[in-house]
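Written below as structure tokens is the structure these notes are about.
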Amino acid sequence: MSPVLKTVQTTLSLNKLSSRNYPRKEKKLLQHGSCSFPINNVQLSFQGELEALPHVQTLREFPQEELVAKVVMVRFDSTILLGEKLDLSSQSASKALYTIKYLHECGAKMILVSEWSRKINPKLLDAQAVADILSSVLQLKVIALRCISCKSPLRREDLQKADIFLLENLSEYKEEVANCSKFAELLSSEVDILVNDSFCQSHKVLASTVGVARFCYASMAGFSFEENLHQLKKIAKTKKKPYLAVIGGGNLKSKAAALQFLASRCDALVFVGQMSFQIMRALGHSIPTNLVERDAHKAALDIVQFAHDKNVLMSYPKDFWCTNQHLPTELEVFPAHGVSASWLPVDLGPRSLEEIYSLVTNSKLNANSGDSHGLTYLMHLLNILQKIIWIGPVKFSSSKPSTVGTSKLAQMLCKQSQCECEITIVGSTACEVIKNESNSLSSFNVLENASVVWEFLKEQKLPGVMSLNRAYPFEIDWSVAYHDASQPLVVDIGSGNGLFIMGMAQNRKDLNFLGLEINGKLVRRCLDSVHQSGIRNAYFIGSNATTTFRSIVSSYPGELVLVSVQCPNPDFNKPENRWSMLQRSLIEAVADLLASKGKVFLQSDVEAVAMRMKEQFLQYGKGKLHLSHDQYNIRINGNAWLKENPFGIRSDWEQHVIDRGAPMYRLMLSKSTGS
């Protein structure tokens, strides 16, 4: 037995790793041949990484002790906290306020940043006025700072004056929307952690959301952001059927991909806005030329064909209230196919509202409503309506944002919400009307920024979401992964094809081995090898260990006695690389979770990479890690390194390097007793 493994073995004890502040996650089992694996980690977690909405690190899941004395930048939503009529009882406001209060209670220093305009509140004269408003709302002192306009980075001594600071109005700086790297660096001076709580900006590439994340060792979602992300994910879920989409607004061409997304998940699309004319035209109906959207006809035809192929039924208005272009006060109802040239639609007509009411509330159709075979089938389908989304206003080119049709639709949805139907309301106008009709939004899923939702429905990645750290989304049943989950754990970060883990597992039955690897194909092969060989003390998880290490390993019931990082890609270790493997958050997690006298084994065939790993672990290890000097027995370029691999098991790349006669640069770190 190698001396290092003897040392590792002596660290074993009956003490378990302490419980961390992580919520329970969804537990899943994967049947692989005759063997059960704890989760479908390859197909679930890896696809999640590639989707528009990956599972991200949240403030709720982040260890509270890691926030103490940290400087946290909070990118808050000014439309929520600085509005003229702040409703403290609303969920959005309560969660936005809780993010700041929670950080304060955890002992963090905060720098608040946002953009604001006097359009949302005439009292927003300058940063000092905004700081006073926030102080009143939070019941905490907020100090306005001038550093952006002076182009002067914050200093640590500046942060001793108070606990919460506010920077200048970001809307005054073009560098914000340009995502200027120097501007982002200026914003993030002295900042350790970014908490993004401005979901309404997540579809934009901003310096204060995307750019700043590059300069912070951890980036996560605040409570308001997390709630909105949760609501957004619900839209794509199709467990509840039938699913009806009420679609308003215009610009069909730019939203074509989003409409196809809805058609792929919904049972019916009900058009109630300007887009309805393009759908009517695609269905062969004649509409006035002034209502035709330029270059949208092909997109409309494709949507109609797609919906037909998917057996998704489509509904459009049957009549409109119209105003005379020459006599604006004169109103008249016209059938949808008979709007006169001098008249413009301004609202849904009575027949249209009757039909929508029948669809939404599952009532029987009036015999005079122009029932068709398709609509009769739709009514039969919707008798058990389970899910509705309303996105886009009931608005036409010449109408006001809020119309009688909008109010009527809101009343219908309020009634349906009492029938255990899941209803999502998208857009500020729709949310305001629903609130006026029901006095509460508690019965609805609410997303006030429609632009973010449309981008998501187009299956576009949201920059503000993608810039946040990832987190592992599933709870692992370790008793299924290992024969004895109480055995000490060895984790290999970047396990590759698993040769090191598999070889170690065969030699040391008294230890459990876990490989964390970002390449999904390699993980699949490793799991196949585990199954075929019958090894019960080795397991592999597909994940980005840089951000998920803590959430995965903290749930393991036994002690963590060894962590290895072997031959990481040199390109991934450049300081300017956003996704470099050895970030501060990973190293701090290793230092926290490693058992007393536990080991960290680092090696690379590139001396600069090995030196950088050594420096980072000593710098960010919280003083808990030190070099095991007695193990060094070779010097290269004046630096001391381990001559041999102390485990006797080589990874495939290490073997390749040895075969070509090149040196390996190895070192061992140990965790201090009592740390």
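Heads up, our numbering is the position in the sequence shown plus 1055, with the first residue counted as 1. Backbone N, C-alpha and C define an ideal beta-carbon position, used for all residues, glycine too. These numbers come from a predicted model, not from an experiment.
Residue i in three-state terms, based on DSSP
{"i": "methionine 1719", "result": "coil"}
{"i": "histidine 1285", "result": "helix"}
{"i": "leucine 1441", "result": "In the sequence on display, residue 1441 carries glutamine and not leucine. Note: glutamine 1441 maps to coil in three-state DSSP."}
{"i": "serine 1659", "result": "strand"}
{"i": "isoleucine 1135", "result": "helix"}
{"i": "glutamate 1245", "result": "coil"}
{"i": "lysine 1216", "result": "coil"}
{"i": "asparagine 1562", "result": "helix"}
{"i": "isoleucine 1175", "result": "coil"}
{"i": "leucine 1649", "result": "strand"}
{"i": "valine 1168", "result": "strand"}
{"i": "valine 1712", "result": "helix"}
{"i": "glutamine 1471", "result": "helix"}
{"i": "histidine 1428", "result": "Here the model assigns histidine 1428 a pLDDT of 42, short of 50, so the residue's position is not dependable, and the following value carries that caveat. Here histidine 1428 sits in helix by DSSP."}
{"i": "cysteine 1161", "result": "coil"}
{"i": "threonine 1461", "result": "helix"}
{"i": "threonine 1602", "result": "helix"}
{"i": "valine 1449", "result": "coil"}
{"i": "glycine 1266", "result": "helix"}
{"i": "serine 1395", "result": "coil"}
{"i": "asparagine 1070", "result": "With a pLDDT of only 28 at asparagine 1070, under 50, the local geometry of the prediction cannot be trusted, and no value is derived from it."}
Residues of its chain near residue i, where Cβ-Cβ distance is below 6 Å and the 5 sequence neighbours each way are ignored
{"i": "serine 1407", "result": "Pro1372, Lys1373 and Asp1374"}
{"i": "leucine 1314", "result": "Ile1358"}
{"i": "alanine 1485", "result": "Trp1445"}
{"i": "glycine 1277", "result": "Leu1114, Thr1154, Val1250 and Asp1252"}
{"i": "valine 1198", "result": "One detail in the question is off: residue 1198 reads as isoleucine in this sequence, not valine. Hits under 6 Å: Ala1217 and Phe1220."}
{"i": "leucine 1582", "result": "Phe1595"}
{"i": "alanine 1540", "result": "Trp1533, Ser1534 and Pro1612"}
{"i": "serine 1483", "result": "Glu1503"}
{"i": "methionine 1165", "result": "Val1127, Val1129, Leu1158 and Ile1219"}
{"i": "glutamate 1385", "result": "Asn1379"}
{"i": "proline 1543", "result": "Leu1067, Leu1566, Gly1613, Glu1614 and Val1616"}
For residue j and residue i, believed in contact at Cβ under 8 Å, the rounded distance
{"i": "valine 1029", "j": "valine 1616", "result": "An answer regarding residue 1029 cannot be provided, because it is not within the stretch 1056 to 1730 covered by the chain."}
{"i": "lysine 1513", "j": "alanine 1312", "result": "4 Å"}
{"i": "lysine 1726", "j": "lysine 1669", "result": "Contact flag wrong, Cβ pair sits at about 15 Å."}
{"i": "glutamate 1170", "j": "leucine 1225", "result": "4 Å"}
{"i": "leucine 1241", "j": "phenylalanine 1220", "result": "Not quite, the Cβ-Cβ distance comes to about 14 Å (not below 8 Å), so this is no contact."}
{"i": "leucine 1403", "j": "valine 1327", "result": "6 Å"}
{"i": "glutamine 1112", "j": "asparagine 1599", "result": "Actually they are not in contact, since the Cβ atoms of glutamine 1112 and asparagine 1599 sit about 11 Å apart, beyond 8 Å."}
{"i": "leucine 1222", "j": "cysteine 1202", "result": "7 Å"}
{"i": "serine 1584", "j": "glycine 1553", "result": "6 Å"}
DSSP bridge partner residues for residue i (one or two, in chain order)
{"i": "serine 1725", "result": "Lys1654 and His1681"}
{"i": "isoleucine 1596", "result": "Leu1571"}
{"i": "threonine 1479", "result": "Ile1444 and Asn1500"}
{"i": "cysteine 1377", "result": "Glu1387 and Pro1400"}
{"i": "valine 1197", "result": "In the DSSP output, where bridge partners are listed per residue, valine 1197 has none listed."}
{"i": "threonine 1344", "result": "Looking at the DSSP assignment, threonine 1344 forms no beta bridge with any residue, so it has no partner."}
{"i": "valine 1325", "result": "Val1301 and Ser1370"}
{"i": "threonine 1113", "result": "Ala1276"}
{"i": "alanine 1695", "result": "Arg1690"}
{"i": "leucine 1544", "result": "Asn1567 and Leu1615"}
{"i": "asparagine 1251", "result": "Arg1130 and Ala1276"}
{"i": "glutamine 1621", "result": "Gln1658"}
{"i": "leucine 1004", "result": "One cannot answer for residue 1004 here, as it falls past the ends of the chain, which runs 1056 to 1730."}
Test: residue i CB closer than 8 Å to a CB of chain D
{"i": "tryptophan 1696", "result": "Chain labels in this structure do not include chain D; a single protein chain is all it has."}
Residue i: CB within 7 Å of a non-hydrogen atom of the ligand SAH
{"i": "alanine 1337", "result": "This structure lacks the ligand SAH, and indeed carries no ligand of any kind."}
8 Å Cβ shell around residue i - same chain, five flanking residues per side excluded
{"i": "valine 1123", "result": "Cys1161, Gly1162 and Ala1163"}
{"i": "lysine 1178", "result": "Glu1139, Ala1184 and Ile1188"}
{"i": "lysine 1490", "result": "Leu1496"}
{"i": "glutamate 1231", "result": "Glu1170, Leu1225, Phe1238, Leu1261, Ala1262 and Ser1263"}
{"i": "lysine 1196", "result": "Ser1190, Ala1217, Asp1218 and Ile1219"}
Beta-carbon contacts of residue i that lie in its chain and below 7 Å, excluding the five residues immediately before and after
{"i": "asparagine 1283", "result": "Phe1254 and Leu1502"}
{"i": "serine 1522", "result": "Thr1264, Val1265, Ala1268 and Ser1274"}
{"i": "lysine 1737", "result": "Limits of the chain in this structure are 1056 at one end and 1730 at the other, which puts residue 1737 out of reach."}
{"i": "tryptophan 1696", "result": "Tyr1687, Ile1689, Tyr1720, Arg1721 and Leu1722"}
{"i": "alanine 1351", "result": "Leu1307, Lys1308 and Gln1333"}
{"i": "lysine 1564", "result": "Asn1592"}
{"i": "arginine 1633", "result": "Reliability fails at arginine 1633, whose pLDDT of 41 lies under 50, so the model's placement of it is uncertain and no value is given."}
{"i": "alanine 1717", "result": "Asp1660"}
{"i": "alanine 1396", "result": "Pro1343"}
Check whether the region 1264-1272 and the region 1465-1477 are in contact - that is, three or more C-beta pairs closer than 8 Å.
no
The region 1570-1584 / the region 1710-1722 touching (three or more Cβ pairs under 8 Å):
no
State whether the region 1133-1148 contacts the region 1556-1570, with contact taken as three or more CB pairs (one from each stretch) at a distance under 8 Å.
no
Taking contact to mean at least 3 C-beta pairs separated by less than 8 Å, is the region 1606-1615 in contact with the region 1694-1703?
no
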